[in-house]
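> From first to last, the protein sequence lines stand for chains A and B.
All residue numbers for the first sequence refer to our numbering, where the first residue is 655 and numbers rise by one.
All residue numbers for the second sequence refer to our numbering, where the first residue is 655 and numbers rise by one.
Just so you know, even glycine gets a beta-carbon here, dropped at the ideal spot from N, CA and C.
Owing to the predicted nature of the structure, the values given are computational and were not obtained by experimental measurement.
There are 2 protein chains.
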Amino acid sequence: MSLDHAILGFLADGDLSGYDIKTRCVDRDASHFWTADQAQVYRTLDRLESARHLTSKQKIQTGKPNRKVYRITQAGRVHLDDWLATSHALPPYRDAFLIQVYFGSELSDEALADVLERTRVQRQTRLSALRERATSHAMEVGSSANRPALMHRMTLDAAMAAERAAIDWLDDSLDTLRSLATESGSQRQLFREDQA
Amino acid sequence: MSLDHAILGFLADGDLSGYDIKTRCVDRDASHFWTADQAQVYRTLDRLESARHLTSKQKIQTGKPNRKVYRITQAGRVHLDDWLATSHALPPYRDAFLIQVYFGSELSDEALADVLERTRVQRQTRLSALRERATSHAMEVGSSANRPALMHRMTLDAAMAAERAAIDWLDDSLDTLRSLATESGSQRQLFREDQA
DNA sequence: GCTATATATATGTTTCTACATATACTTGTC
DNA sequence: GACAAGTATATGTAGAAACATATATATAGC
Numbered sequence: 655m656s657l658d659h660a661i662l663g664f665l666a667d668g669d670l671s672g673y674d675i676k677t678r679c680v681d682r683d684a685s686h687f688w689t690a691d692q693a694q695v696y697r698t699l700d701r702l703e704s705a706r707h708l709t710s711k712q713k714i715q716t717g718k719p720n721r722k723v724y725r726i727t728q729a730g731r732v733h734l735d736d737w738l739a740t741s742h743a744l745p746p747y748r749d750a751f752l753i754q755v756y757f758g759s760e761l762s763d764e765a766l767a768d769v770l771e772r773t774r775v776q777r778q779t780r781l782s783a784l785r786e787r788a789t790s791h792a793m794e795v796g797s798s799a800n801r802p803a804l805m806h807r808m809t810l811d812a813a814m815a816a817e818r819a820a821i822d823w824l825d826d827s828l829d830t831l832r833s834l835a836t837e838s839g840s841q842r843q844l845f846r847e848d849q850a
Numbered sequence: 655m656s657l658d659h660a661i662l663g664f665l666a667d668g669d670l671s672g673y674d675i676k677t678r679c680v681d682r683d684a685s686h687f688w689t690a691d692q693a694q695v696y697r698t699l700d701r702l703e704s705a706r707h708l709t710s711k712q713k714i715q716t717g718k719p720n721r722k723v724y725r726i727t728q729a730g731r732v733h734l735d736d737w738l739a740t741s742h743a744l745p746p747y748r749d750a751f752l753i754q755v756y757f758g759s760e761l762s763d764e765a766l767a768d769v770l771e772r773t774r775v776q777r778q779t780r781l782s783a784l785r786e787r788a789t790s791h792a793m794e795v796g797s798s799a800n801r802p803a804l805m806h807r808m809t810l811d812a813a814m815a816a817e818r819a820a821i822d823w824l825d826d827s828l829d830t831l832r833s834l835a836t837e838s839g840s841q842r843q844l845f846r847e848d849q850a
């Protein structure tokens with residue numbers, strides 16, 4: 655459902671092929687809040703065309719395979735604008751990592767702390783990548799003169815805020831585990847900073 | 655995949671029926687980080703039994719329908735512990751709401767602000783519910799004497815941190831939209847605090 | 001000449017998830 | 001007596017998502 659509206663959104667700004675949508679829009683511009691593989695993009699385009707939200711034209715190319723270029727219809731625009739202006743119910747919060755934490759007492763404290771630390775590294779890497787994108791985005795569009803650039807920036811800020819919150823929580827949780835280890839007198843087993 | 659491990663985790667602590675897992679575990683204890691409907695729980699139990707991670711016994715009851723009570727096997731425990739101790743790749747960050755923000759320039763500023771504000775209300779409601787659960791959890795288990803209770807608390811903290819981050823971002827974004835409205839001199843159209 | 005990469009679209013298959021519906025027994029309420 | 005609610009399990013179906021594979025043309029590098 656969501657991919658439908660993302661694709662309509664990209665096409666609202668101009669005609670695009672499935673290849674464009676996959677490589678330029680989904681993978682490059684929207685990857686910090688939505689993902690989709692190639693098969694899903696093409697099948698969604700088929701479906702949107704069947705629903706008369708899009709039309710398509712073959713563009714013959716020389717030196718490259720031919721393209722099927724999609725254009726949004728009036729009905730598609732109406733459908734998109736309705737969806738954009740509607741406040742949808744929050745999806746359930748889902749985080750498989752928290753299953754690991756919830757049952758973390760099955761593990762030794764060392765093993766649990768290790769899982770948390772590795773997750774922290776992954777989150778930090780993702781945050782750094784987002785920061786780079788935000789910086790280059792700011793370079794490209796100056797002081798966000800136009801609305802689309804500002805909205806783009808806001809989505810990057812949201813993703814960065816989520817990563818930062820996750821990292822802060824990981825740090826707090828690791829502190830809690832460490833203080834527990836100290837209390838129970840088993841700190842020699844854990845967190846040996848004097849080693850390696 | 656994740657539900658498999660959640661169910662193994664619940665059964666690691668004692669035998670349970672599908673009904674127990676759905677009502678007591680999934681809906682009550684784990685709903686802030688995972689959800690599943692009844693059909694999925696029962697089919698997952700079937701699958702885990704086929705894979706020899708669980709065994710089941712019919713318990714005859716009088717006055718109530720009979721129960722099928724599941725028990726984790728040694729293989730199931732090993733499978734669970736392996737998964738718990740493994741650092742898994744972060745799933746892609748997905749947020750359908752950010753699709754709305756990304757294409758928000760399709761909308762009027764009023765309409766966009768309205769969507770943000772409604773989302774804020776929903777997030778705040780969810781945060782309040784989480785806070786209540788955290789409070790009653792603290793009442794029940796005292797100062798988290800046991801590890802499982804501490805882990806439970808940590809998952810609640812993670813969910814609350816995510817909600818708080820989302821709310822803070824919404825507030826910042828609404829401020830930005832308001833300042834833009836003021837700059838462009840159209841503040842009379844927007845955010846009329848003197849009305850109604 | 002071979003291989004990799006970029007451009008471009010399509011189909012097959014499986015798993016997860018959601019929603020609906022069916023069955024069946026008991027207790028409590030109107 | 002009828003009806004709802006709680007206890008308990010099972011199946012049907014459809015959509016979303018992930019992953020794999022197939023096809024075809026052109027260019028660039030080895």
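Is residue 697 of chain A helix, strand or coil when you go by DSSP?
helix
> Quick one: what's got a C-beta closer than 7 Å to residue 666 of chain B's C-beta in the same chain, skipping five residues either side?
726, 731 and 734
> According to DSSP, is residue 846 of chain B part of a helix, a strand, or is it coil?
Confidence at residue 846 of chain B is low in this model, with a pLDDT of 46, below 50, so the placement of that residue should be treated as unreliable; the coordinate-derived value is given next. In the structure shown, residue 846 of chain B sits in coil (DSSP, three-state: anything other than H, G, I, E or B).
> May I have the straight-line CA-CA distance separating residue 758 of chain A from residue 692 of chain B, to the nearest angstrom?
25 Å
> Would a check of beta-carbon distances place residue 714 of chain A closer than 8 Å to chain B?
Answer no: the Cβ-Cβ gap between residue 714 of chain A and chain B never drops below 8 Å.
> Could you please tell me which residues of the segment 708-739 of chain A, in chain order, have their CB closer than 9 Å to any CB of chain B?
731, 734, 735, 737, 738 and 739
> On the three-state DSSP scale, how would you describe residue 725 of chain B?
strand
> Counting only beta-carbon separations shorter than 8 Å, does residue 675 of chain B have a partner in chain A?
no
> Identify, in the order they occur along the chain, each residue of the same chain with its Cβ nearer than 8 Å to the Cβ of residue 703 of chain A, setting aside the five sequence neighbours on each side.
709, 710 and 724
> Find the nearest neighbour of residue 825 of chain B within the set B/701, B/722 and B/775, judged by alpha-carbon distance.
B/775
> Taking 8 Å as the limit between beta carbons, can you name the residues of its chain near residue 818 of chain A, skipping five residues before and five after?
781
> So with CB distances below 8 Å, who are the chain A contacts of residue 772 of chain B?
741
> Any idea what DSSP makes of residue 711 of chain A, helix, strand or coil?
strand
> What residues from chain B crowd round residue 806 of chain A, counting only those whose CB sits closer than 7 Å?
Neighbours of residue 806 of chain A on chain B, chain order: 756.
> Using the Cβ count rule (16 or more neighbours within 10 Å means buried), how would you classify residue 833 of chain B?
Classification for residue 833 of chain B: exposed.
> List the residues of chain B whose Cβ lies closer than 7 Å to the Cβ of residue 656 of chain A, in chain order.
In chain order: 750 and 753.
> By Cβ distance, which residues of its chain are closer than 7 Å to residue 720 of chain B, with the 5 residues on each side in sequence left out?
712, 713 and 714
> Taking the Cβ atom as the reference point for each residue, do residue 656 of chain B and residue 772 of chain A lie within a distance shorter than 8 Å?
no
> Please tell me whether residue 688 of chain A and residue 777 of chain B are closer than 8 Å, where the distance is taken between their beta carbons.
no
> How many Å lie between residue 788 of chain A and residue 814 of chain A at the Cα?
9 Å
> Which class does residue 761 of chain A belong to by DSSP, given the choice of helix, strand or coil?
Residue 761 of chain A: coil per DSSP, three-state reduction.
> Classify residue 836 of chain B: buried if its beta carbon has 16 or more other beta carbons within 10 angstroms, exposed otherwise.
exposed
> Excluding the 5 residues preceding and the 5 following residue 795 of chain B in the sequence, name in chain order all residues of the same chain whose CB lies nearer than 7 Å to its CB.
803
> Is the beta carbon of residue 767 of chain A sitting closer than 8 Å to the one on residue 828 of chain A?
yes
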